[in-house]
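J.: Please see the structure below; I have some questions.
Residue numbers (the numbering used here): 986 to 1160.
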């Protein structure tokens, strides 16, 4: 008796099962690179924004020179603009990539179904097969389209926030 979860009818919950998507992502390496670039830019801007506000409060409002306050506000606006543009770019690339991968996956599934023997369709309920394919491809689209991006962004934010914490106060970050 095997204990493999996929043969027992239970869903597998391992990231290794997502490796099967690599052949579908490979043709879109440039789009993956663009998504990662915008992901890195938006994460960096998200981490810089609070530091920029802190610098403005610490130095800008205490300055008697109005030009210094203007420069801090301009820098803060520039960081916010980079954050907005990078987030829009990341959303575009990730959404586009998710749609392309899903179109290729659906095409591959359709071609695979066309190559099945007639006996397969006699043994398998077509309605159940259609329902499972629809639900599974929708789930994969969610993972490829947004969940992977959110997970990567969260990991980058964690690493960046820990780095900023150590840079700001190494003694306090050890507590």
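All residues carry an ideal CB built from backbone N, CA and C; glycine is no exception.
#1: What is the rounded straight-line gap between the Cα of residue 1092 and the Cα of residue 1106?
#2: What are the boundary residues of the alpha helix (DSSP H) that includes residue 1079?
#3: Given 8 Å as the limit, is there contact between the segment 1010 to 1017 and the segment 1035 to 1042, that is, 3 or more CB pairs closer than that?
#4: Tell me whether residue 1046 sits in a helix, a strand or coil according to DSSP, three-state version.
#5: Three-state secondary structure (DSSP) at residue 1109?
#6: Is residue 1021 helix, strand or coil by DSSP?
#7: Counting C-beta neighbours from all protein chains within 10 Å, is the total for residue 1042 16 or more, i.e. buried, or is it exposed?
#8: Considering only residues of the same chain and omitting the five flanking positions on each side of residue 1109, which have a CB-CB separation below 6 Å?
#9: To the nearest angstrom, how far is it from the Cα of residue 1001 to the Cα of residue 1055?
#10: Can residue 1100 and residue 1024 be called in contact, C-beta distance under 8 Å?
#11: Pairs of beta-carbons, one from the segment 1136 to 1153 and one from the segment 1110 to 1127, closer than 8 Å: are there three or more?
T.: Concretely, from the data shown:
#1: Their backbone Cα atoms lie some 19 Å apart in a straight line.
#2: For residue 1079, the enclosing alpha helix (DSSP H) starts and ends at 1051 to 1099.
#3: With the cut-off at 8 Å, the segment 1010 to 1017 and the segment 1035 to 1042 do not touch.
#4: Under the three-state reduction of DSSP, residue 1046 is assigned to coil, being neither helix nor strand.
#5: Coil, per DSSP.
#6: The answer is helix: DSSP assigns residue 1021 an H, G or I state.
#7: So residue 1042 counts as exposed.
#8: Closer than 6 Å at the Cβ level, and outside the excluded window around residue 1109, lies no residue.
#9: In a straight line, the C-alpha of residue 1001 is about 51 Å away from that of residue 1055.
#10: Result no, Cβ atoms of residue 1100 and residue 1024 do not sit closer than 8 Å.
#11: No: fewer than three Cβ pairs fall under 8 Å.
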